[in-house]
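So the structure is just underneath, and the comments pick up after that.
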């Protein structure tokens, strides 16, 4: 009985994995088609139907994934972190009492950044394609900023969940702001013309620089005295 039950569960898990991979492939196909058409003709130079034809899908399928052409061009940048990577990160906070920041938070954030950097290098061509179409159609920048803000807000919730604190905790907010800034700076350098350095190397250089800066001692100013001088 137990062997049979295991077999059924295992089959369901495999089918679920295959279904998710198929959905991911469809998303990528739609985005690739939309970006290619945008690069060729501009946003106003093609229709959703032409995206569907190039991606080999129906109009209904398109709208199951994206509400508009612009969203298809940007892609699903606001998706959650990969489940296995996110679980490993959150489990790293299990040893500390709820509400107390773990002593390994910064180390685990660096490790998380390095894990995600592997996805960056794996999807390099897709990212270059996105950069090219955003340069061609600057109005996409606002939509891209919106996606980035939603992803950072979700990341704050993930860090807060791990630490057992509220998402607006100052350390959580600073961690998200700092890591997001470092990732953006590293990406700009990585995709700059003439760059030959790996993304992971640039990322670690910037993380090390930030760590060195914040490890320096400082004297906290007397707020009342500072206000009296104004």
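Numbering (my numbering), first residue to last: 82 to 311. Just so you know, even glycine gets a beta-carbon here, dropped at the ideal spot from N, CA and C.
Going by DSSP, what residue range makes up the alpha helix (DSSP H) through residue i?
i: residue 289; result: 280-296
i: residue 301; result: Element bounds for residue 301: n/a, residue is neither H nor E.
i: residue 272; result: No alpha helix (DSSP H) holds residue 272; DSSP gives it neither H nor E.
i: residue 210; result: 205-217
i: residue 223; result: 221-244
Please name the residue, chosen from the options, that lies closest to residue i on a Cα-to-Cα basis.
i: residue 153; options: 183, 170 and 107; result: 107
i: residue 166; options: 141, 199, 101 and 224; result: 199
i: residue 241; options: 155, 115, 294 and 255; result: 255
i: residue 207; options: 138, 156 and 283; result: 156
i: residue 221; options: 111, 120, 171 and 110; result: 120
i: residue 115; options: 101, 100, 143 and 104; result: 143
i: residue 170; options: 233, 243, 139 and 125; result: 243
Measure the Cβ-Cβ separation of residue i and residue j and say whether it is below 8 Å.
i: residue 249; j: residue 162; result: no
i: residue 195; j: residue 260; result: no
i: residue 296; j: residue 245; result: no
i: residue 111; j: residue 149; result: no
i: residue 236; j: residue 257; result: yes
i: residue 293; j: residue 267; result: no
i: residue 272; j: residue 226; result: no
i: residue 151; j: residue 209; result: no
Is any heavy atom in the ligand MG found nearer than 7 Å to the beta carbon of residue i?
i: residue 143; result: As far as ligands go, the structure on display features none, and thus does not contain the ligand MG.
Legend entry - Inter-stretch contact at 8 Å, needing at least 3 Cβ pairs: the stretch 285-305 / the stretch 210-218: no
Legend entry - Sequence ranges, alpha helix (DSSP H) only - wholly within the stretch 126-197, length at least 4: 129-136, 140-146, 150-155 and 164-172
Inset, instruction - Please confirm if the stretch 173-185 is in contact with the stretch 125-143, defined as three or more CB-CB distances below 8 Å between the two stretches. - result: no
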